[in-house]
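Here the protein sequences line up with chains A and B, keeping their order.
Under the numbering used here, think of the first position of the first sequence as 759, with each following residue one higher.
Under the numbering used here, think of the first position of the second sequence as 56, with each following residue one higher.
For reference, the structure discussed in these notes is given below.
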Amino acid sequence: MSEMWPAGYVPVLLARISRPDSPAIDGYLADGGYASWKKVLAGIATGEWTPSKVTDLVKASGLRGRGGAGFPCGLKWTFVPPKEKRGNKPVYLLCNADESEPGTFKDRVLIEKDPHQILEGMMLASFALGVRHAYLYIRGEMVHGAEVLNAAVDEAYAKGLLGKNVQGSGLDLDLTIHRGGGAYICGEETALIESLEGKRGHPRIKPPFPAVSGVWASPTVVNNVETLCCVKHILDRGPDWFRTYGRNEKNTGPKLFCISGHVERPGVYEAPMGIPFLELLALAGGVKGGRKLKAVIPGGSSAPMLTAEEVQSMPLDFDGVAAAKSMLGSAAIIVMDETTDIPKAVANISKFYAHESCGQCTPCREGTPWLNKMLKRVVNGQGKRQDLDLLVQVASQMGNGMTICVFSDAAIAPVLSGIAKFRPEFEACLAKAASPDFALTAPSDVTEKVAGRMAEGIHS
Amino acid sequence: MSGGAGTPVSEQAGLPRVGEHGALSAGKAVAFSPKALARFEKLLTRYPTKQAALLPTLWIAQGEFGWISREAVDYVAGLLGLSPAFVWGVTTFYTMYNRAPVGKHLIQFCTSISCHLAGAEEVFAECRKILGDLKPGETSADGRFTVIEVECLAQCDKAPAVMVNDDDFAIITKDNLQKFLGGLR
Chain A
759 MSEMWPAGYV PVLLARISRP DSPAIDGYLA DGGYASWKKV LAGIATGEWT PSKVTDLVKA
819 SGLRGRGGAG FPCGLKWTFV PPKEKRGNKP VYLLCNADES EPGTFKDRVL IEKDPHQILE
879 GMMLASFALG VRHAYLYIRG EMVHGAEVLN AAVDEAYAKG LLGKNVQGSG LDLDLTIHRG
939 GGAYICGEET ALIESLEGKR GHPRIKPPFP AVSGVWASPT VVNNVETLCC VKHILDRGPD
999 WFRTYGRNEK NTGPKLFCIS GHVERPGVYE APMGIPFLEL LALAGGVKGG RKLKAVIPGG
1059 SSAPMLTAEE VQSMPLDFDG VAAAKSMLGS AAIIVMDETT DIPKAVANIS KFYAHESCGQ
1119 CTPCREGTPW LNKMLKRVVN GQGKRQDLDL LVQVASQMGN GMTICVFSDA AIAPVLSGIA
1179 KFRPEFEACL AKAASPDFAL TAPSDVTEKV AGRMAEGIHS
Chain B
56 MSGGAGTPVS EQAGLPRVGE HGALSAGKAV AFSPKALARF EKLLTRYPTK QAALLPTLWI
116 AQGEFGWISR EAVDYVAGLL GLSPAFVWGV TTFYTMYNRA PVGKHLIQFC TSISCHLAGA
176 EEVFAECRKI LGDLKPGETS ADGRFTVIEV ECLAQCDKAP AVMVNDDDFA IITKDNLQKF
236 LGGLR
């Protein structure tokens, strides 16, 4: 693996990954692991540690969710109704390890190389939320990661860090690793919940939000792997320490960045939140072969594409990338050099969404394959002059609340941003077509008619 | 959605569907080994409902039988008190449950964006050509290889990334493809 950090930076999340046998509990304990968990457990009886104290520390740290949305973690926890309102319903913690966003591979490193920091974060969050059984949902493809996590859970039980009356604290806590079956949509938190219940991963209509009614109709908090690791470090060193990382009060903490595509040294990098894009690119050895930068997708394939000019002074944090009209998302930075065929790249991304749509909502189920079909014919030299406008028109009717979840918004982001920013390249594809009018008599004319009807709105 | 990347083996290879709930038949009844049954019983203790054990039970079934046949669907449904139609509905939603027998080596090529930028589609095509002009999802005549296209494997720093059965492989290119295939036993 290729994980790194800036010169002089002391890694936090990746601190242990290159230790020999880093996943084993003995090394983790020797490095001071589970100190926070034991400290909290020991302080329950004396009243020194209460759930609200842990939540307050996380709130004070400014920690924002690392899964994509960047929602304040502590605030999310406070949405769980108090005991008097939820009755006898248990509260569940669900760690989202369904890392599937194209370009994202940061959680994989934490899972495979330092699983106990994830488990300790889950234990501390469970205490804060009053959870008695926590689940970690790992994507089906991470077979090795699931084995590492299951071994870590067994070790934690054996050391009395999980189970009945943990460390004599009177607290019971179980933790189960649950492996998915291969479906991108399960990374969406309500689809994750449905999938954990043993169903198809169909996102739910919100409200109710999971904090009120989640898995098994009980209050549920869903947090990303990296977020929960941050919780462990906040409990170790305090919220003030956490806030020393980052550009401002709204973007705090150490952060993992996945950099892939046309760079010399792709990999997972740890840096303070807000590191300028160009610094991270330099850390990764720059653009491959010393070529020129053309475009960047800053937050996984769902994030709008940015041009080389747009990223020149962009800080990599939630608000910095949002100011450039894209999103930090899962901090998956996909670099494209001057040789990149942008229409082909956009067509490739549209293939992903066409395949992964869960099929519940019509605009997404129908729209994603149509976008893919149209883009394919454009890059194959069979496009028609009006195709670009048609693509934009169809895409424009798939987002902004037309569907249950934001998958559809994610699917159109690369299409709309790609065409808007690199339109001459798409037009060049059309100009290359043998005869621009060829398709008028070809079978794909049907495609045009149906897509045209879609674009006009089938309801009218 | 059909015929795309990540589509299960039976659909990529265009195999017919048979049976009440659309699953292929294995032609014989199936049952878990005592060891698998013990794993299944342990699973049930981890969830408040039996249904929640469905995905992990399907994994046990795939481990035991190699793929999810009509008989496997009926068996799992019986174990969990669910209808076969429901179990099949869930099975088909996820891409990793094989709905047809696969070769000894199920080679899964990622062709999502970072692997695409590294030329994954060409490697995928070249691999199928080498193994006897296999179509996506088709198994080689000797039963050793099935080659499919899958979506992002979260190994974008090792593009083009490939999985063979449960194992991850990094940077499989046209140049090292022969060596990679030769290494599979």
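Don't be surprised by glycine CBs; every beta carbon is placed ideally from N, CA and C.
Counting only the Cα atoms, Thr100(B) lies some 43 Å from Ala1171(A).
Looking at the DSSP output, Asp222(B) bridges to Val219(B). Below the 7 Å Cβ cutoff, chain B contributes no neighbours of Thr1120(A), its closest Cβ being approximately 14 Å away.
Distance from the Cα of Val1137(A) is smallest, within the candidate group Leu954(A), Ala1169(A), Ala1103(A), for Ala1103(A).
Secondary structure note for Asn1130(A): it is in no beta strand (DSSP E), and the uninterrupted alpha helix (DSSP H) holding it is 1120–1137.
Per DSSP, Gly879(A) is one residue of the alpha helix (DSSP H) stretching across 873–887. With fewer than 16 other Cβ atoms inside 10 Å of its own Cβ, Asn923(A) counts as exposed. Close to Arg101(B), with beta-carbon spacing below 7 Å, are these residues of chain A in chain order: Thr934. Contact holds between the region 1026–1036 of chain A and the region 993–1009 of chain A, because three or more Cβ pairs, one in each stretch, are under 8 Å apart. Where Ser819(A) is concerned, the enclosing alpha helix (DSSP H) starts and stops at 809–819. DSSP lists Ala1053(A) as the beta-bridge partner residues of Met1094(A). Around the Cβ of Asp129(B), a 10 Å sphere holds 16 or more other Cβ atoms; the residue is buried. 8 Å or more divides the Cβ of Ala1191(A) from the Cβ of Gln1151(A). For Glu1028(A), the uninterrupted beta strand (DSSP E) run begins and ends at 1025–1030, by DSSP. Judged by beta-carbon spacing, Gly823(A) lies within the 8 Å limit of Asn981(A), meaning their Cβ atoms are closer than that value. DSSP places Asn1106(A) within a helical segment (H, G or I) once states are collapsed to three. Against chain B, the beta carbon of Ile876(A) has no neighbour under 7 Å; the closest one sits roughly 15 Å away. Taking all protein chains shown into account, Asn1130(A) has 16 or more neighbouring C-beta atoms within 10 Å of its C-beta and is therefore buried. Looking only at Gly938(A), Trp835(A), Thr804(A), the smallest Cα-Cα distance to Val812(A) is reached by Trp835(A). Assignment of Thr934(A) by DSSP, reduced to helix, strand and coil, places it in the strand class. Collapsing the DSSP output to three states places Lys184(B) in a helix. Between the region 1104–1116 of chain A and the region 1081–1089 of chain A, the count of C-beta pairs closer than 8 Å stays below three; the two stretches do not touch.
When the alpha-carbon of Leu232(B) is set against those of Phe164(B), Phe95(B), Tyr149(B), the nearest one is in Phe164(B). Per DSSP, the unbroken beta strand (DSSP E) holding Thr978(A) starts and ends at 978–982.
Per DSSP, reduced to three states, the secondary structure at His171(B) is helical.
Check the Cα spacing between Lys229(B) and each of Glu119(B), Ala216(B), Val178(B), Val219(B): the tightest is with Val178(B). In chain order, Gly959, His960 place their CB closer than 6 Å to the CB of Glu952(A), counting only its own chain and leaving out the 5 sequence neighbours on each side. For Val1150(A), the enclosing alpha helix (DSSP H) has its first and last residue at 1145–1154.
For Gly133(B), same chain residues with a beta-carbon under 7 Å away, outside a window of 5 residues either side, do not exist.
Closest option to Ala216(B), judged by alpha-carbon separation, among Phe235(B), Gly198(B), Arg199(B): Phe235(B).
Under DSSP, Ser1018(A) takes part in a beta bridge, and its partners are Ile1092(A).
In this structure Ser138(B) is exposed. Its beta-carbon is surrounded by fewer than 16 other beta-carbon atoms within 10 angstroms.
Along the region 950–968 of chain A, going in chain order, the ones with a CB nearer than 8 Å to a CB of chain B are Ser953, Leu954, Glu955, Gly956, Lys957, Arg958, Gly959.
Annotation for Arg1123(A): Ser1115, Gly1117 place their beta carbon closer than 6 Å to its own, counting only its chain and skipping 5 residues before and after. Counted as a single uninterrupted DSSP element, the stretch harbouring Glu206(B) is not any beta strand (DSSP E), since DSSP gives it neither H nor E.
The region 912–927 of chain A and the region 844–858 of chain A do not touch, with fewer than three beta-carbon pairs separated by less than 8 Å.
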